[in-house]
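Enquirer: Residue numbers (the working numbering), protein chains in the order written: chain A, 3 to 357; chain B, 3 to 357. All C-beta atoms in this analysis are idealised placements derived from N, C-alpha and C, irrespective of residue type, glycine included. I am attaching a structure below and will ask some questions about it afterwards.
2 protein chains.
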Amino acid sequence: MAECGRSAMDYKKAGVDIDAGNEVVRQITGLAKATATRGVLSDLGSFGGLFHLGASGLKDPVLVASADGVGTKLRLAFMSGIHGTIGMDLVNHCVNDILVQGAEPLFFLDYLATGRLDPDVAVQIVDGLARACRDNGCALLGGETAEMPGFYADGEYDVAGFIVGAVERTKVIDGRGIAAGDALVGLPSTGLHTNGYSLARSIAFDRLKLSVHDRVPELGTTVAEALLAPHRSYLPVVRPLLAGARPLVKGMAHITGGGITENLPRVLPAGTEAVVRLDAWNVPPIFQWLERAGGVPREDMLRTFNMGIGLILVVSRDRTAEVVDQIRNAGESGANVIGSIEPGGAGVVYEPRQP
Amino acid sequence: MAECGRSAMDYKKAGVDIDAGNEVVRQITGLAKATATRGVLSDLGSFGGLFHLGASGLKDPVLVASADGVGTKLRLAFMSGIHGTIGMDLVNHCVNDILVQGAEPLFFLDYLATGRLDPDVAVQIVDGLARACRDNGCALLGGETAEMPGFYADGEYDVAGFIVGAVERTKVIDGRGIAAGDALVGLPSTGLHTNGYSLARSIAFDRLKLSVHDRVPELGTTVAEALLAPHRSYLPVVRPLLAGARPLVKGMAHITGGGITENLPRVLPAGTEAVVRLDAWNVPPIFQWLERAGGVPREDMLRTFNMGIGLILVVSRDRTAEVVDQIRNAGESGANVIGSIEPGGAGVVYEPRQP
Numbered sequence: 003m004a005e006c007g008r009s010a011m012d013y014k015k016a017g018v019d020i021d022a023g024n025e026v027v028r029q030i031t032g033l034a035k036a037t038a039t040r041g042v043l044s045d046l047g048s049f050g051g052l053f054h055l056g057a058s059g060l061k062d063p064v065l066v067a068s069a070d071g072v073g074t075k076l077r078l079a080f081m082s083g084i085h086g087t088i089g090m091d092l093v094n095h096c097v098n099d100i101l102v103q104g105a106e107p108l109f110f111l112d113y114l115a116t117g118r119l120d121p122d123v124a125v126q127i128v129d130g131l132a133r134a135c136r137d138n139g140c141a142l143l144g145g146e147t148a149e150m151p152g153f154y155a156d157g158e159y160d161v162a163g164f165i166v167g168a169v170e171r172t173k174v175i176d177g178r179g180i181a182a183g184d185a186l187v188g189l190p191s192t193g194l195h196t197n198g199y200s201l202a203r204s205i206a207f208d209r210l211k212l213s214v215h216d217r218v219p220e221l222g223t224t225v226a227e228a229l230l231a232p233h234r235s236y237l238p239v240v241r242p243l244l245a246g247a248r249p250l251v252k253g254m255a256h257i258t259g260g261g262i263t264e265n266l267p268r269v270l271p272a273g274t275e276a277v278v279r280l281d282a283w284n285v286p287p288i289f290q291w292l293e294r295a296g297g298v299p300r301e302d303m304l305r306t307f308n309m310g311i312g313l314i315l316v317v318s319r320d321r322t323a324e325v326v327d328q329i330r331n332a333g334e335s336g337a338n339v340i341g342s343i344e345p346g347g348a349g350v351v352y353e354p355r356q357p
Numbered sequence: 003m004a005e006c007g008r009s010a011m012d013y014k015k016a017g018v019d020i021d022a023g024n025e026v027v028r029q030i031t032g033l034a035k036a037t038a039t040r041g042v043l044s045d046l047g048s049f050g051g052l053f054h055l056g057a058s059g060l061k062d063p064v065l066v067a068s069a070d071g072v073g074t075k076l077r078l079a080f081m082s083g084i085h086g087t088i089g090m091d092l093v094n095h096c097v098n099d100i101l102v103q104g105a106e107p108l109f110f111l112d113y114l115a116t117g118r119l120d121p122d123v124a125v126q127i128v129d130g131l132a133r134a135c136r137d138n139g140c141a142l143l144g145g146e147t148a149e150m151p152g153f154y155a156d157g158e159y160d161v162a163g164f165i166v167g168a169v170e171r172t173k174v175i176d177g178r179g180i181a182a183g184d185a186l187v188g189l190p191s192t193g194l195h196t197n198g199y200s201l202a203r204s205i206a207f208d209r210l211k212l213s214v215h216d217r218v219p220e221l222g223t224t225v226a227e228a229l230l231a232p233h234r235s236y237l238p239v240v241r242p243l244l245a246g247a248r249p250l251v252k253g254m255a256h257i258t259g260g261g262i263t264e265n266l267p268r269v270l271p272a273g274t275e276a277v278v279r280l281d282a283w284n285v286p287p288i289f290q291w292l293e294r295a296g297g298v299p300r301e302d303m304l305r306t307f308n309m310g311i312g313l314i315l316v317v318s319r320d321r322t323a324e325v326v327d328q329i330r331n332a333g334e335s336g337a338n339v340i341g342s343i344e345p346g347g348a349g350v351v352y353e354p355r356q357p
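Following this line, the structure appears as structure tokens:
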């Protein structure tokens, strides 16, 4: 009030709007409540979320936990104003990351950070998280919405997810039984999932000078539609393979950053290598388009993108037909044998050999 | 290579350096390994971190989980180049958030996001996380280091933490037994902890035009030293109160964003209010200095900062002396009775009444 004097400062003037934050928390709480499963004991308002492990019915549970983000796929959301699928990307990515060790998801927490909170956008994001949690039978147990003035540009945010699942100790999948002769079964991806976006954006926007709303003839969709296709969860189609006393798969690799080249070796025992037959599946148009338009060497494509294979199962040769059948019965007709485990140094060998 | 032609693009050119990332992961893996507790089953390299719940020895475990960030305290780290204590802030904040429901921490995961990864800074941050995890008997089970070109300014980052703890179902602390007549025991904070930094920075840097390295006579330290004082963990001093068949505390509030005013009501049952006596403890110099220099109304101070009280325990009047004694035996001599629970509307009443 006083000229050239000291005006009172409060938190709101310093850029943090506690009341707007409380309103978002109220809406988010409603969305989260709708995801509650049998184990959930607390409302979101308490300091920590409570989950009663007895509800899982496991005798000797091993908890499997993972943290992840959506990476620069977020920029597609910023450019297109479509924020409703980012939450699905994040939850499904996390679900797959613990699924590969045999775990069913129990609960999920999010961290959403912005410069200045746009309540509509925050609610869209959490709505996506909550829908994906429900689809995966996973409780949205809590989260943090942080307003950090000056950290994020206007209209931008970052979001991280944290998942905890559980698996019976005797049924943890750790790749230990993998041996030469095993088959690799690939499950189709729905697009880039959440990886390779820095390169994809460089190609689409810097090199081709496209806008997100431009149609790409090769794809039959707009750039935004193609690049925002949500990361899928493999839980529904893999769950039946894990149901028996002994899981039908020996190991699984979620194909994320680093592609097949870097992710498949993470489950290979010493003395083995993976031979992947590149002619065993059709690389989807989105990857062909990026490869061609960017002049990206095939080797870099395979080390960056999933190339149409989002999850790889390692299976005994003699159970392969049974596994592919069960996956088909669970609603996925696109499973393919894409290679095998062979004696060798750790790593992935692609056939036919790349020039 | 070709002039005005299409040069090949790869992921590295698009701003993501996988090799530098792998080197950081290698160092981080070493730091995380040193935090392993009895329950940890996996190395950090697998897709998810594995924790064997049987190691906790609990009969009917309830998992308590929380997600949090450090907020704009990070800017102090950016300005001063001191990144080694941010991890302690984050872990200790999370530990306290689940401690208030009676949980011992089991494991922690981090999400660290930057524009371009500075390996030294990343390792400093994770070193702080790992040290705090060790101090709290909590495994650093995994995490995600995300390089997101263009999302964060040079030299900046954001970091989020996720914690999972466990408590015997019969010993969950939920404030249900709280009744009029109970005493409030306050435990001293070590400074601002991780809240109120947007306002504190406005006062120190925008209004007073100080630099982080300036000494503040009222504090006897530099601005950076005062504002980077790490958030403390209350686990060592509260643990003994939870050890018996029935916990010695009825409820606890971690005083974070929103101060005593917003956090204490989160544990109050309907029909009660908290009366907090402001003359029961000495408000530390850092808060007095901010209040005076910013001309901040006392009410806003109490709704923004912890004002020297980082954790409040709600205790039966007749157990108060025993609780204060046990806290003293655990090494904390600064515990004080700071008020009481009274019949009333939900909320906090400060005495003497503020003008």
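Quick check on A:H215 - is its C-beta less than 9 Å from some C-beta in chain C?
Expert: Absent here is chain C; the protein component of the structure consists of chains A and B.
Enquirer: Given a cut-off of 9 Å on the beta-carbon distance, is the pair A:S213 and B:G51 in contact?
Expert: no
Enquirer: Which residue spans inside the region 199-286 of chain B form an unbroken alpha helix (DSSP H) run of at least 4?
Expert: 199-203, 225-230, 237-244 and 261-265
Enquirer: Starting from A:N338, follow the beta strand (DSSP E) in both directions and report where the run begins and ends.
Expert: N338 to P345
Enquirer: Taking 9 Å as the CB-CB cut-off, is A:T39 touching chain B?
Expert: no
Enquirer: Work out the CA separation of A:E353 and A:I30 for me, nearest whole Å.
Expert: 49 Å
Enquirer: If you run the structure through DSSP and keep just helix, strand and coil, what is A:A162?
Expert: Under the three-state reduction of DSSP output, A:A162 falls in the strand class.
Enquirer: Contact check, B:V269 vs B:A255 under 8 Å by CB: the rounded distance?
Expert: Indeed, because the Cβ distance is near 5 Å, the residues count as touching under 8 Å.
Enquirer: So, under 8 Å CB-CB, A:I329 and A:G188 are touching, yes? Tell me the CB distance rounded to an integer number of Å.
Expert: About 11 Å; that fails the 8 Å criterion.
Enquirer: Check the Cβ-Cβ distances between B:A124 and every residue of chain A, and say whether any is below 9 Å.
Expert: no
Enquirer: DSSP puts B:F307 in a beta bridge; with which residues?
Expert: Looking at the DSSP assignment, B:F307 forms no beta bridge with any residue, so it has no partner.
Enquirer: Indicate the three-state DSSP secondary structure (helix, strand or coil) for B:H95 in the structure shown.
Expert: helix
Enquirer: Please report whether the beta-carbon of A:A67 lies at a distance below 9 Å from any beta-carbon of chain B.
Expert: yes
Enquirer: Could you pull the start and end residues of the alpha helix (DSSP H) that B:G130 belongs to?
Expert: P121 to D137
Enquirer: Could you work out which residues of chain A lie near B:V174, taking near to mean beta carbons separated by less than 8 Å?
Expert: L43 and L52
Enquirer: Enumerated in chain order, which unbroken segments of the beta strand (DSSP E) with a length of 3 residues or greater are wholly contained in the region 55-121 of chain A?
Expert: Listed in chain order, the complete beta strand (DSSP E) runs (minimum 3 residues) inside the region 55-121 of chain A are 63-71 and 106-116.
Enquirer: Could you check whether A:V26 and A:H85 sit closer than 9 Å to each other, using their CB atoms as the reference points?
Expert: no
Enquirer: Run through DSSP, which three-state label would A:I30 get?
Expert: A:I30: helix per DSSP, three-state reduction.
Enquirer: So, with DSSP's three-state summary, where would you put A:L46?
Expert: The pLDDT assigned to A:L46 is 44, lower than 50, so where the model puts this residue is not dependable, and the model offers no usable value.
Enquirer: Measure the Cβ-Cβ separation of A:L186 and A:S342 and say whether it is below 9 Å.
Expert: yes
Enquirer: Going along the chain, which residues of the region 72-89 of chain A sit with their C-beta nearer than 8 Å to a C-beta in chain B?
Expert: G73, T74, L76 and R77
Enquirer: Can you tell me the Cβ-Cβ gap for B:G23 and B:T147, rounded? I've got them flagged as a contact below 8 Å.
Expert: 7 Å
Enquirer: Just verifying my parser: in three-state terms, what is the DSSP assignment at A:E293?
Expert: helix
Enquirer: Taking Cβ positions only, does A:G139 come closer than 9 Å to chain B?
Expert: no
Enquirer: Spatial neighbours of A:G47 within its chain, please: CB distance less than 6 Å, with the 5 preceding and 5 following residues excluded, ordered by chain position.
Expert: The predicted position of A:G47 is uncertain, since its pLDDT is 47 and thus under 50; no value can be drawn from it.
Enquirer: Mapping the DSSP letters down to three states, classify A:V298 as helix, strand or coil.
Expert: coil
Enquirer: In three-state DSSP terms, what is A:T322?
Expert: helix
Enquirer: Taking the alpha-carbon positions, what's the B:I311 to B:R279 distance?
Expert: 12 Å
Enquirer: Against chain B, with Cβ distances strictly below 9 Å, would A:D156 count as a contact?
Expert: no
Enquirer: With the cut-off set at 9 Å, would you say A:N98 and A:L313 are in Cβ contact?
Expert: The answer is yes: Cβ separation under 9 Å.
Enquirer: Residues in the same chain with beta-carbon distance under 6 Å from B:G41, minus the five sequence neighbours each way, listed in chain order, please.
Expert: F53, H54 and A57
Enquirer: Have a look at A:D327, A:W291, A:L119 and A:F207 and flag the residue whose alpha-carbon is nearest the alpha-carbon of A:V239.
Expert: A:D327
Enquirer: Return the residue from the list A:F80, A:K35, A:T74 and A:I100 that minimises the CA-CA distance to A:I257.
Expert: Out of A:F80, A:K35, A:T74 and A:I100, the CA that lies nearest to the CA of A:I257 is found in A:I100.
Enquirer: Closer than 8 Å, Cβ to Cβ, to anything on chain A: give me those residues from the region 171-198 of chain B, in chain order.
Expert: Correct list: R171, V174, D176 and G198.
Enquirer: Given that A:Y113 touches chain B, what residues does it touch there, using C-beta distances under 7 Å?
Expert: A69, G71, Y113 and A162
Enquirer: Taking any Cβ of chain A, which residues in the region 128-153 of chain B have a Cβ under 7 Å from it, in chain order?
Expert: L143, G144, G145, E146, A148, M150, P151 and F153
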